[in-house]
Amino acid sequence: MTIVAMILSILLGTISLAIGYVQGGVAGYSLWFLLLAAVWLIAHFRKWYWLSSIALLIIILAAAFGVWQEYSTVWMLLGALGGLLGWDLSDFARRLSYAAPMDDTRNLERLHMERVGIVAVLGLGLALLSVFVHVQRLAFEVAVGLVLLAALGLTRLVIGLRKY
Amino acid sequence: MSRSIFLSLLTYGLLLTGIATVKGEFIALALPLVTYLIVGYLQAPEKIDLEATRHLSLERTSPHSNVDVTVTVTNRGSSLEEILLLDILPVGLTVRSGFSRHQLRLATGQSYTFGYTVSGPRGGYVFESLELKVNDHLAVSSSRVRVEAKGRLFVLPPVTRVRNIAIRPRRTRVYAGTISARAGGAGTDFFGVREYQPGDPPSAINWRASARYVDKLFANEFQQERVADVGIVLDGRLRTNEFARGHSLFEYSVQAAASLSDALLNQSNRVGLLIYASYLAWTFPGYGKIQRERILHALANAKTGESQVFSDLEHLPTRLFPPESQIVLVSPLSEDDLMPLIQLRAQGYEVIVVSPNPVKFELSYLPANETIQLAGRVIHMERVLLLQKMGRAGIHVLDWDVAEPFDLFVKRRLGRSPVWLRAIGR
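Order-wise, the sequence lines are chains A and B. Note that this note's numbering gives residue 1051 to position 13 of the first sequence, counting from 1, and the numbers run on in steps of one. Note that this note's numbering gives residue 1388 to position 396 of the second sequence, counting from 1, and the numbers run on in steps of one.
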């Protein structure tokens, strides 16, 4: 189940980017995304798990570049989301490979898919909402709240980096 | 780099780009990543409190025998979404069946039991702990914990039963045993004839000697049999035990030391063990089954080693052995071991050397070409000469070809005929 979902996610990410770039008039790049998908899948099955992080980085950079070039934001969002899910499922498949044959991996897979589904729906929903809903004026309190949230996030990042 | 840091960096990169370029789409791009991080952090375990217990089907076993290990892990803290559990095996043990690594989910108060089978060569093995990697479903937050689950396994050397070993130390202890004490008294072996004294049993009267005198009776005297002090010295020096291509005689030496100590303890002697390797491992002398266990445990942990100080037998600490007691050295021997052993004899110790034959051992696995055969003959002659010199110094040397089972070899070379056979003068 995980492998199928991972393949679909990788294809979703790369094909979405390819379509977005084709619509933007740079069809030449599209082939590179399909090649990236192929390399990513081959790397996964050859147990080069480190490559999935590089693939996600490339996909996010490509999506950011697409946004910068004002290609279709929806395709870029779908690309980033597909990349994120592919990266997550690739790592989950790696973790599952450590399980013993008698372990209840089906239950673990089911629960993981539930969480990933929540992330996908929530992430995409919020992203689309932010694309289509434009707030013209932001209240001061909301701005302060956002700044505090950003500071909290940065603190968490710094703590994480120090631990690392 | 951890997953959460990697994602955070990507997220902040997109957010900062969005702020710098005043483009909301960059921030929209970051939202799936932010959602992923938030969902992950929300599900991070609050409190990790795990307990583990371990049960071994056997605590002492023979080499390469299967032992079942059962481990139970109980979650006393908050629910743990994903745990990678790895039971850390002591070096040397191998898993024969089952798995020591598991991926699971543990709710609060839930237990998980798993088992596997291990086996290994001679040695003392200590199980310390389990290593657990706990993370949420998205593996945003993860932590490694070690949970103590102690267990001990002794893989003891094989003990071949050897009966009736004949040793004759100069000095014995006061307790009755099986070793001739060179003194008249109660026993089975004839010692001499003396004048009959009141209290002697009539069956002890030597009628033939008494018939020569009119007014005197003579009684037979038997040799007292007592227990003795025996010090077994196991030579663990690397240079005498290890050979080319990873072959070693040490396992045979350990087996010999185990069998000898078992036999000598069964004869009620007081036995101590000294392992002479990179350091001295001394098992204090004692009697009986507990001492047998102590010696077997010491032998289970015995390893070959090398040190400048103990490279030859010069530093054999004779003070550990009672004066004029029996010393049994188990060693393949080297040329320079002659003088230290002669010195032992000079100090009054009775010395037996059980020497696994290194020449025959090496020739058994080397190709049988002319050069090797010639070299083998030369080394064999050198060894024979060394053993002869030892024999002339009063050292009882037993040259053991390890291809022969140790019990048969000892029975042939050190065996003591049973009491009924000795009674009829055989």
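Even glycine gets a Cβ: it sits at the ideal position worked out from N, Cα and C. In this text, all values refer to a predicted model and were calculated from it rather than measured experimentally.
Item to check | Opposing strand residues paired with Arg1136(B) [DSSP bridges] | outcome: Lys1125(B)
Next on the checklist: Which residues does DSSP list as the beta-bridge partners of Ala1211(B)?
Outcome noted: For Ala1211(B), DSSP records a beta bridge to Arg1186(B), Ile1197(B).
Item to check | Interface positions of the region 1123–1157 of chain B facing chain A (Cβ-Cβ less than 7 Å), listed along the chain | outcome: Under the 7 Å Cβ criterion, the region 1123–1157 of chain B contributes His1129, Leu1130, Ala1131.
Checklist entry - Touch check for the region 1146–1166 of chain A and the region 1066–1079 of chain A: three-plus C-beta pairs under 8 Å? => result no
Checklist entry - Does the separation of the CB atoms of Arg1088(B) and Val1061(B) fall below 8 Å? => result no
Checklist entry - List, in order along the chain, the chain A residues whose C-beta lies closer than 8 Å to that of Glu1017(B)? => result Val1105, Thr1111, Met1114, Val1169
Checklist entry - By DSSP, does His1082(A) sit in helix, in strand, or in coil? => result helix
Checklist entry - Where do the N-terminal and C-terminal ends of the beta strand (DSSP E) with Ser1103(B) fall, by residue? => result For Ser1103(B), the uninterrupted beta strand (DSSP E) segment begins and ends at 1103–1111.
Next on the checklist: Is the separation between the beta-carbon of Asp1221(B) and that of Gln1318(B) shorter than 8 Å?
Outcome noted: The answer is yes: Cβ separation under 8 Å.
Item to check | Any chain A beta carbon closer than 8 Å to Gln1095(B) | outcome: Answer yes: the Cβ-Cβ gap between Gln1095(B) and chain A drops below 8 Å somewhere.
Item to check | Spatial distance of Glu1306(B) from Pro1332(B) (CA atoms) | outcome: Near 6 Å, if we compare the C-alpha coordinates of Pro1332(B) and Glu1306(B).
Next on the checklist: Among the candidates Val1132(B), Val1139(B), Tyr1033(B), whose CA atom is the shortest distance from the CA of Asp1079(B)?
Outcome noted: Val1139(B)
Item to check | Cross-chain neighbours of Arg1133(A) in chain B, by beta carbon under 8 Å | outcome: Within chain B, Glu1074, Leu1076, Gln1095, Ala1131 have C-beta atoms less than 8 Å from the C-beta of Arg1133(A), given in sequence order.
Checklist entry - Can you tell me whether Trp1113(A) is buried or exposed, with buried defined as 16 or more other CB within 10 angstroms of its CB? => result buried
Checklist entry - Would Ser1090(A) pass as a contact of Ser1128(A) if the rule is Cβ separation under 8 Å? => result Result yes, Cβ atoms of Ser1090(A) and Ser1128(A) sit closer than 8 Å.
Checklist entry - Using the beta-carbon of each residue, which ones in chain C are nearer than 7 Å to Tyr1136(A)? => result Reference to chain C is not applicable here, since the protein chains of this structure are A and B.
Item to check | Cβ pair Leu959(B), Val1346(B) closer than 8 Å | outcome: Outside the shown range of chain B (993 to 1418) lies residue 959(B), about which nothing can therefore be said.
Checklist entry - How do the region 1032–1042 of chain B and the region 1265–1282 of chain B stand: do at least 3 beta-carbon pairs fall below 8 Å, yes or no? => result no
Checklist entry - Excluding sequence positions up to five away, which residues of its chain have a Cβ less than 8 Å from the Cβ of Lys1208(B)? => result Glu1187, Tyr1188, Ser1202
Next on the checklist: Here's the rule: buried if 16 or more other CB atoms are within 10 angstroms of the residue's CB, otherwise exposed. What is Asp1128(B)?
Outcome noted: By the neighbour-count rule (16 or more Cβ atoms within 10 Å), Asp1128(B) is buried.
Checklist entry - Between the beta-carbon of Leu1226(B) and the beta-carbon of Asn1233(B), is there less than 8 Å? => result Contact check for Leu1226(B) against Asn1233(B) fails: the beta carbons are separated by 8 Å or more.
Next on the checklist: For Arg1148(A), would you say it is in contact with chain B, using Cβ-to-Cβ distances shorter than 8 Å as the test?
Outcome noted: no
Item to check | For Ile1092(A) and Trp1086(A), the rounded distance between their alpha carbons | outcome: The straight-line gap from Cα to Cα measures roughly 11 Å.
Item to check | C-beta neighbour in chain B for Ile1053(A), strict 8 Å | outcome: Using beta-carbon distances, Ile1053(A) does not count as an interface residue toward chain B, since no partner is under 8 Å.
Checklist entry - Applying the criterion that 16 or more other CB atoms from any shown protein chain within 10 Å of the CB defines a buried residue, is Thr1100(B) buried or exposed? => result exposed
Item to check | Chain-ordered neighbours of Gly1161(A) on chain B, where CB pairs are closer than 7 Å | outcome: Leu1023, Pro1024, Thr1027, Tyr1028
Item to check | Residue burial classification, Trp1088(A) (beta-carbon count within 10 angstroms, cutoff 16) | outcome: exposed
Checklist entry - Since Val1031(B) meets chain A, which of its residues come closer than 8 Å, beta carbon to beta carbon? => result Here the neighbours are Arg1153, Ile1156, Val1157, Leu1160.
Checklist entry - Once you ignore the five residues that flank Arg1093(B) on each side, which residues in its own chain have a CB closer than 8 Å to its CB? => result Leu1076, Leu1077, Leu1078, Asp1079
Next on the checklist: For a cutoff of 8 Å on Cβ pairs, would you count Ile1098(A) as touching chain B?
Outcome noted: yes
Next on the checklist: Does the CB of Thr1040(A) have a neighbour CB from chain B at under 8 Å?
Outcome noted: no
Checklist entry - Per DSSP, Phe1146(B) is paired with what? => result Assignment of beta-bridge partners to Phe1146(B) by DSSP yields Arg1052(B), Gly1116(B).
Checklist entry - Counting pairs of Cβ atoms below 8 Å between the region 1130–1150 of chain B and the region 1178–1194 of chain A, do you hit three or more? => result no
Checklist entry - In or out: Leu1021(B) buried (at least 16 other Cβ within 10 Å) or exposed? => result Residue environment analysis places Leu1021(B) among the buried positions, since at least 16 neighbouring C-beta atoms fall within 10 angstroms of its C-beta.
Checklist entry - Are three or more beta carbon pairs between the region 1130–1137 of chain A and the region 1159–1172 of chain A nearer than 8 Å? => result Short answer: they don't touch.
Next on the checklist: I'd like to confirm something about Ala1081(A): is its beta-carbon nearer than 7 Å to some heavy atom of the ligand NAP, or not?
Outcome noted: With respect to the ligand NAP, the structure offers nothing, as it holds no ligand at all.
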